């Protein structure tokens, strides 16, 4: 039975004090403290309340040691993929390890990006990717490196290698930070995110290059999110456009639109 350790573990993952969780559950703090320390057990009604609050099945609360699960497994559990609720196995984040049982950092090149969209959850596909280690990164986190293309994220240049840290709880995503996002229809994209998950169930994706317009992406369209850690590039980063340069581009675009309208009008007059 893992109930007492699981409740404490889940509370800490939500960064709640005993007082805060007790208020949310409408129980006494002393009662919650007794649960966490194994002094007393919960009633059936309390189990139902805790299961509903954490979105975790009662069987899971009682029979699964949540502290032994990988972050990817916890992410799936906390987002509705509980093995006892859904009748399916938790998807383990496909990864590789070195001879010392440390997670490798896999490289997803520009050529491999199309395959990654379909094979990101396939251990055999992930095992074929090149790997390396960066000793200054935390051994307790999972990292992956992706090659980006295009100029939408200047001053980070085309062809740069972006290393990201796996994000297991999307609610923790901080607005205006940079992330690599695996999407259902667009593949891998590297953007600045604005977290609108609680309000609208989506994220706003923003390019650093102001010539590209922001857009919204529903959470249901996302498969993975990796928080930007650093990048490596052989190229010298280009400077972002100044306000004068942006104004010149807009002026040129406005003139081209005006000329196009005139041509269309002339054709209609004929």
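In this note's numbering, the protein residues as written are 752 to 1021. We put the beta carbon where it would ideally sit given N, CA and C, even for glycine. These numbers were taken from a predicted model, which means no experiment stands behind them.
Grouping DSSP H, G and I as helix and E and B as strand, with all else coil, what is residue 927? Within the chain shown, numbered from 1, the residue matching residue 927 stands at position 176. The answer is coil: DSSP assigns residue 927 none of H, G, I, E or B.
Have a look at the DSSP bridge pairing and note the partners of residue 854. One-based indexing of the chain shown puts residue 854 at position 103. Partner(s): 848.
Could you check if residue 839 is buried or exposed, using at least 16 other CB atoms within 10 Å of its CB as the buried criterion? What you label residue 839 is simply residue 88 of the chain shown in a count that begins at 1. Annotation note: pLDDT 39 at residue 839 (below 50); position unreliable, coordinate value reported separately. The C-beta of residue 839 has fewer than 16 other C-beta atoms within 10 Å across all chains shown, which makes the residue exposed.
Alpha helix (DSSP H) runs wholly inside the segment 765-837, at least 4 long, in chain order: Within the segment 765-837, complete alpha helix (DSSP H) segments of at least 4 residues are found at 769-776, 780-787, 795-805, 809-814, 822-829, 834-837, given in chain order.
Classify residue 872 as helix, strand or coil using the three-state DSSP reduction. In the chain shown, counting from the first residue as 1, residue 872 sits at position 121. Residue 872: coil per DSSP, three-state reduction.
Rounded straight-line distance, which links the Cα of residue 924 to that of residue 917: The residue given as residue 917 occupies position 166 in the chain shown. The residue given as residue 924 occupies position 173 in the chain shown. Each residue's Cα considered, the two are about 11 angstroms apart.
Would you list, in sequence order, the uninterrupted alpha helix (DSSP H) runs of no fewer than 4 residues that lie entirely inside the segment 877-951? Complete alpha helix (DSSP H) runs here, min 4: 948-951.
Return yes when the Cβ of residue 956 is within less than 7 angstroms of the Cβ of residue 864, no when it is not. Along the chain shown, one-based indexing puts residue 864 at 113. Along the chain shown, one-based indexing puts residue 956 at 205. Against a cut-off of 7 angstroms, the Cβ pair of residue 956 and residue 864 comes out as no contact.
In whole angstroms, give me the CA-to-CA distance for residue 980 and residue 887. Position 229 of the chain shown holds residue 980. Position 136 of the chain shown holds residue 887. Rounded to whole angstroms, residue 980 to residue 887 spans 11 angstroms at the Cα level.
Using only the alpha-carbon positions, how far apart do residue 841 and residue 811 sit? On the chain shown, position 90 is the one that residue 841 refers to. On the chain shown, position 60 is the one that residue 811 refers to. At residue 841 the pLDDT is 38, less than 50, meaning the model places this residue with poor confidence; the figure from the coordinates comes in the next sentence. One C-alpha to the other measures close to 12 angstroms.
Once DSSP output is grouped into helix, strand and coil, what is the label at residue 867? Translated into positions along the chain shown, residue 867 becomes position 116. In this structure, residue 867 counts as helix in the three-state DSSP scheme.
Residue environment, residue 1016, which counts as buried when at least 16 other CB atoms sit within 10 Å: Translated into positions along the chain shown, residue 1016 becomes position 265. Under this definition residue 1016 is an exposed residue.
Assign residue 862 to one of three DSSP states: helix, strand, or coil. Counted from its first residue, the chain shown places residue 862 at position 111. Annotated three-state conformation of residue 862 is coil, per DSSP.
Just checking my contact of residue 972 with residue 934 at CB under 8 angstroms: how many whole Å lie between their CB atoms? Taking the first residue of the chain shown as position 1, residue 972 is located at position 221. Taking the first residue of the chain shown as position 1, residue 934 is located at position 183. Yes, they are in contact, since the Cβ atoms of residue 972 and residue 934 sit about 5 angstroms apart, within 8 angstroms.
Cα separation between residue 951 and residue 797? Looking up residue 951 in the chain shown gives position 200. Looking up residue 797 in the chain shown gives position 46. Taking the straight line from one Cα to the other gives about 31 angstroms.
Note down, in chain order, each residue of its chain lying with its Cβ closer than 6 angstroms to the Cβ of residue 896, except the 5 sequence neighbours on either side. Taking the chain shown and counting its residues from 1, the one referred to as residue 896 is at position 145. Excluding residues within five positions, the ones whose Cβ falls inside 6 angstroms are 856, 858, 912, 914.
Residue 849: which of 1011, 1018, 881, 1002 sits nearest, CA to CA? Residue numbering aside, residue 849 sits at position 98 when the chain shown is read from its first letter. When each option's Cα is compared against that of residue 849, the closest is 881.
Identify the residues that DSSP records as bridge partners of residue 973: which are they? Along the chain shown, one-based indexing puts residue 973 at 222. Answer is 934.
Could you check the C-alpha separation between residue 898 and residue 921 for me, to the nearest Å? Residue numbering aside, residue 898 sits at position 147 when the chain shown is read from its first letter. Residue numbering aside, residue 921 sits at position 170 when the chain shown is read from its first letter. Just so you know, the alpha carbons of residue 898 and residue 921 end up roughly 22 angstroms apart.
Looking at the unbroken beta strand (DSSP E) that takes in residue 956, where does it start and where does it end? In the chain shown, counting from the first residue as 1, residue 956 sits at position 205. Residues 953-957.
Using a threshold of 7 angstroms, state whether the C-beta atoms of residue 772 and residue 764 are closer than that. Within the chain shown, numbered from 1, the residue matching residue 772 stands at position 21. Within the chain shown, numbered from 1, the residue matching residue 764 stands at position 13. Cβ atoms of residue 772 and residue 764: not closer than 7 angstroms.
Pop quiz: residue 959 and residue 905 are said to be a contact at Cβ under 8 angstroms. What is the actual Cβ separation, rounded to whole angstroms? For the purposes of this step, residue 959 is taken as residue 208 along the chain shown, with counting starting at 1. For the purposes of this step, residue 905 is taken as residue 154 along the chain shown, with counting starting at 1. Contact flag correct, Cβ pair sits at about 6 angstroms.
So, for residue 937: in the same chain, excluding its five sequence neighbours on each side, which residues have a beta-carbon less than 7 angstroms away from its beta-carbon? Here residue 937 refers to the residue found at position 186 when the chain shown is read from its first residue. Hits under 7 angstroms: none found.
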